[in-house]
């Protein structure tokens, strides 16, 4: 991933970012430095929180990256998958209904969600919900489209 530009966020931008993540995910992202990194050829930009790629902008809205979700575990918009789904989700597969053991009821279709594994609660991926959270547990069908996962270029990004 090639860096196009980098700049520190102003205090009002930091406040807006923190407020947005708090309202969406119930997390308190608290860092000493926030730096926006514009990338070449991607649909998103990053925010480094204390030098770590913890936040990315998808369609103009801030959301936690996988590394960000592991540093600041979210309380809302979480989809939990069973052990059998971990390898597939970690490799970037979309999430199928049979692999889901629990989904937050506040999730609406098109929401970004954090996908975690049930044993340790570690984040594996970020995806876009295709169904409401209340309808995600079941027998068949794709319910979350993968956007970012462990091991992809965004996950491996370093400065």
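Numbering (my numbering), first residue to last: 3 to 161. Where is the CB? At the ideal position from N, CA and C, for every residue including glycine.
Cβ neighbour criterion (16 or more within 10 Å) applied to residue i
i	result
residue 77	exposed
residue 20	buried
residue 86	exposed
residue 69	buried
For residue i, three-class secondary structure by DSSP
i	result
residue 134	coil
residue 11	coil
residue 24	helix
residue 96	coil
residue 18	helix
residue 77	coil
Residue of the options minimising C-alpha distance to residue i
i	options	result
residue 133	117, 126, 143, 41	143
residue 118	141, 140, 24, 89	89
residue 13	63, 38, 5, 25	38
residue 140	26, 17, 124, 83	83
Beta carbon proximity, residue i to chain C, threshold 8 angstroms
i	result
residue 20	Annotation note: the requested chain C is absent from the structure, which comprises a single protein chain.
Whole-Å CB distance - residue i paired with residue j, under 8 angstroms assumed
i	j	result
residue 58	residue 48	5 angstroms
| request: Report yes or no: do three or more beta-carbon pairs, one from the stretch 27 to 36 and one from the stretch 50 to 60, lie closer than 8 angstroms? | output: yes
| task | Taking 8 angstroms as the threshold, find out whether the stretch 94 to 105 comes into contact with the stretch 145 to 152 through three or more Cβ pairs. | result | yes
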